[in-house]
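Before any comments, here is the structure.
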Amino acid sequence: MKNQTPNPHIQSAQHWLDLEIAIEIIAEMKGIRMSKILREMNKPSPDINKIATWRLELQDLGIERNLLLYDSTQTETVIQKSKTQYSEEIKTYYAAPR
Numbered sequence: 175m176k177n178q179t180p181n182p183h184i185q186s187a188q189h190w191l192d193l194e195i196a197i198e199i200i201a202e203m204k205g206i207r208m209s210k211i212l213r214e215m216n217k218p219s220p221d222i223n224k225i226a227t228w229r230l231e232l233q234d235l236g237i238e239r240n241l242l243l244y245d246s247t248q249t250e251t252v253i254q255k256s257k258t259q260y261s262e263e264i265k266t267y268y269a270a271p272r
């Protein structure tokens, strides 16, 4: 069997698909952070440290989203982080009772 060179069009399509999925995952993570912030703020005695931490994480997610869109040197790193770390956190979040 011949050793075939991967089709660059397929590789490019896979990259764009991975990029779009990472953008959606980060958007979902931002929504989760906002939800946690609002839930905590509505408590009779909100934990300001949790709120501050989640706001910083929300900022970081915005930075990562911008890296995906505007910094091609960081794209693969953020895509991998979204596939591993963020995907697991999303699964855990929706599996937990609220």
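For the sequence shown, the numbering used here begins at 175 and goes up steadily by one.
In this text, a Cβ means the ideal position worked out from N, Cα and C, and glycines have one as well.
#### Entry: DSSP three-state assignment for residue 247, whether helix, strand or coil
coil
### Query
Taking contact to mean at least 3 C-beta pairs separated by less than 8 angstroms, is the region 221-238 in contact with the region 188-205?
yes
### Query
For residue 207 versus residue 243, is the C-beta spacing smaller than 8 angstroms?
no
### Query
Between the Cα of residue 241 and the Cα atoms of 186, 210, 197, which residue gives the shortest distance?
197
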